[in-house]
Structure formats: C-alpha cells, structure tokens
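Peer 1: Structure in structure tokens, see below.
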Amino acid sequence: MIISSLILALALCVDSFAVSIARGALNKGRILSEAVKIAFVFGVVQFGTTFFGFLLGVSVKSFVESVDHFIAFVLLLIVGIRMILEAFGKEKAEVSSSDSWWTLIVLGVATSIDAFIVGVTLPFFYESVVWPLGAIGVVTLLVAFCGFVFGKRLRVFFGRKVEVFGGLVLIGIGVKVLIEHLIA
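First residue of the sequence shown? That's 5 in this note's numbering, and the numbers climb one at a time after it.
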C-alpha cells in the first residue's frame, strides 16, 4: 500500500513539478520563502482536490471528466500567456516578483484536476485512503519545492529566456491535457 501510494503520488505531481520549475525560473526574490510558499500551496491543493474527489465519489465522475480538461487548459493558457508577456516587459522590482497566493492557488488547481478524478476512484483501490492522501500531499510538496529551486538555478544560466520557456511549458501542459481528454 505504501509503495503504490508513493507511485500514485509521483504520477500526480508531474505537472506541479513542471510548473514549479517554471515559477522558480521567474523568481527574482527570496528563494527559500517562495519555494516554501509554492510547495505548501501545491501540496495542500493536490491533497485537497484528491480528498474532495474522494468525498464526491463516483456519482459526479462522468460530469467532471467531461469538463476538467477545459478548465485545466484555460487556466494554464492564461497563466502561460501572462508569463510570456512578462518576459518581454520591463524588469520588475524584486518585491513584485513574488507570486501572489491567488496565482499559486489557480496554478495548484490547474495542475491537480487529475488528482480530483483519482480521488473519486480511491475507494475502489484502497481500503483506507490515509496513505494515498498523505503521500499525494507530502510528495507534491517536496517535488514542488525541489522544482522551484531547480527553476531558480536555470534562471541563473539562461536569464529571461526561461520565462518564455516557462510560459510555453504551462501552455503545453494545458494543450496536452486538452488533447488527451478529447481523443480519449
């Protein structure tokens, strides 16, 4: 149960990792506080969406699956375009480079819609959802933290090009989610 919970958690946090790298690359301010902030938000949101999926159960699964890809696509597209536009804007002060809580929550939700669907299915695969829920929250938190720090290091080597790349990564994830659900 522990191994399968960890594998599930790793599979679900891939998008959070990619977004954390992109956000870390944009960071011009304090690395530790921002890394902790994004890790906390992504971990809590990933845990929360999985838990809410579990609570809502199978009855809403077909409806959520019919719209989840559109929600994720739109949210990631908006944030990705914003990142690309910011890359070509004026250099901002360090204080304004910090992500707002709202931005992080939107990104957290956009990258954890799959976790909601997985939450709906948890009762069918696990007698107790404590291990998978805990693993999902903790692994996402750790992976997001590491991704942010890694992204910050990329910025040192590649400069503002990383901002454009980060925006394209977010848009790419959104397009991937949309295509996967449309052809499924």
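All C-beta atoms in this analysis are idealised placements derived from N, C-alpha and C, irrespective of residue type, glycine included.
Relative to the C-alpha of residue 147, which candidate in 6, 7 and 22 has its C-alpha closest?
Peer 2: Nearest option by C-alpha distance: 22.
Peer 1: Have a look at residue 14 and residue 153 and give me their C-alpha separation to the nearest angstrom.
Peer 2: Distance between the alpha carbons of residue 14 and residue 153 is about 18 Å.
Peer 1: Whole angstroms is fine: what's the gap from residue 38's alpha carbon to residue 145's?
Peer 2: One C-alpha to the other measures close to 13 Å.
Peer 1: What does the Cβ neighbour count give for residue 104, buried or exposed, with the cut at 16 atoms within 10 Å?
Peer 2: Label assigned to residue 104: exposed.
Peer 1: Nearest-angstrom Cα distance between residue 175 and residue 129?
Peer 2: Near 32 Å, if we compare the C-alpha coordinates of residue 129 and residue 175.
Peer 1: Between residue 188 and residue 77, what straight-line distance do the alpha-carbon atoms span, to the nearest angstrom?
Peer 2: If I take the Cα positions, the gap works out to 16 Å.
Peer 1: Thinking C-alpha only, which one of 177, 84, 159 and 110 is nearest residue 53?
Peer 2: Closest option to residue 53, Cα to Cα, is 110.
Peer 1: Below 8 Å on the Cβ atoms is my contact criterion, and I expect residue 114 with residue 140 to pass it. Report the Cβ-Cβ distance as a whole number of Å.
Peer 2: No, residue 114 and residue 140 are not in contact; Cβ-Cβ is about 16 Å, not under 8 Å.
Peer 1: Measuring CA to CA, which of 135, 35, 182 and 30 is closest to residue 165?
Peer 2: Closest option to residue 165, Cα to Cα, is 30.
Peer 1: Around the Cβ of residue 167, are there at least 16 other Cβ atoms within 10 angstroms (buried) or fewer (exposed)?
Peer 2: With 16 or more Cβ atoms within 10 Å of its Cβ, residue 167 is classed as buried.
Peer 1: What do you get for residue 46, buried or exposed, if any count of 16 or more other CB atoms within 10 angstroms of its CB means buried?
Peer 2: Classification of residue 46: buried, given that the 10 Å Cβ count is 16 or more.
Peer 1: Quick one: residues in its chain with C-beta nearer than 6 Å to the C-beta of residue 151, no 5 flanking neighbours on either side, listed in chain order?
Peer 2: Answer for residue 151: 21, 24 and 25, listed in chain order.
Peer 1: Is the beta carbon of residue 159 sitting closer than 9 Å to the one on residue 28?
Peer 2: Cβ distance < 9 Å, so residue 159 and residue 28 count as in contact.
Peer 1: So, using beta-carbon positions, are residue 50 and residue 112 closer together than 9 Å?
Peer 2: Going by C-beta atoms, residue 50 is nearer than 9 Å to residue 112.
Peer 1: Check this for me: beta carbons of residue 117 and residue 88, under 9 Å apart or not?
Peer 2: Against a cut-off of 9 Å, the Cβ pair of residue 88 and residue 117 comes out as no contact.
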